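J.: For the numbering used here, count along the sequence shown from 1 and bump the result up by 302. One structure, pasted below without further comment.
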Amino acid sequence: MKTKAVPPAVRRKLEAAARKAAAKAYAPYSRFRVGAAVLAGSGRIYFGCNVENASYGLCMCAERSAILSAVASGESRIGAVAVYTPTREPTSPCGACRQVINEFGPDALVISVCDSDKRLESPLCDLLPDSFGPMNLKRAKR
Ligand code: THU
């Protein structure tokens, strides 16, 4: 599947939204703030942050929080995801977030930015090769 080009102006907006969202992170346990923004099918940008819980296993990542917000607003496609962490190294989405991105954007561009000039950019299919997704269920013989 081919990743659609994200125009530089849209990309800048997406990265700025992810940076801004990190300020909203609720991360009293890990102190690791994450902001994410997704470019949805309509062209709108949705953002999210990580939201932790005293019951640690219930922590929600920034990427999934942004995607859930987009879907709750009626979106069903994701073209790009930006992740920001206030670190020297960029942070790539965790495995669970990769799987959730795959559901709505198997061809999405995934961008990670941080407080240095280092950045990561990969199509989701490179981050989650041979993925399991909606197509597998369509193909299944029942
Ligand atoms: N976290 C994210 O928000 N996104 C990721 O892709 C990796 C991890 C959050 C979860 C938790 O609140 C904190 O970072 C430390 O794992």
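Each residue gets a CB set at the ideal place from its N, CA and C atoms; glycine is no exception. Note that the coordinates shown come from a computational prediction; the quantities given were computed from them, not determined experimentally.
Going by C-alpha distance, which of Val312, Thr305, Glu317 is nearest Val415?
T.: Glu317
J.: Using a threshold of 8 Å, is the CB atom of Ala356 nearer than that to any non-hydrogen atom of ligand 1?
T.: For ligand 1, not one heavy atom lies less than 8 Å from the Cβ of Ala356.
J.: Per DSSP, Met437 forms a beta bridge with which residues?
T.: DSSP, once it has assigned bridges, lists no residue as partnering Met437.
J.: Does the distance from the C-beta atom of Ala410 to that of Ala382 stay below 9 Å?
T.: yes
J.: Would you call the region 391-407 and the region 426-437 in contact, with 3 or more CB pairs under 8 Å?
T.: yes
J.: Within 10 angstroms of its Cβ, does Gly345 collect 16 or more other Cβ (buried), or is it exposed?
T.: So Gly345 counts as exposed.
J.: Taking a contact to mean a Cβ-Cβ separation below 9 Å, would you say Ala295 touches Ala398 in this structure?
T.: The structure shown does not extend to residue 295, since the chain spans only 303 to 444, so no value can be given for it.
J.: Measure the alpha-carbon distance for Gly407 versus Tyr331 and round it to whole angstroms.
T.: 30 Å
J.: Roughly how many whole angstroms lie between the Cα atoms of Ala342 and Arg333?
T.: 29 Å
J.: The alpha helix (DSSP H) that contains Cys399, what's its start and end?
T.: 397-406
J.: Just the Cα atoms here: how many angstroms apart are Gly350 and Leu360?
T.: 16 Å
J.: Check whether the Cβ atoms of Val336 and Ala325 lie closer than 9 Å to each other.
T.: no
J.: Going by DSSP in three states, Asn310 sits in which element: helix, strand or coil?
T.: First, the residue type needs correcting, since residue 310 is Pro and not Asn in the sequence shown. If DSSP states are grouped into helix, strand and coil, Pro310 belongs with the helices.
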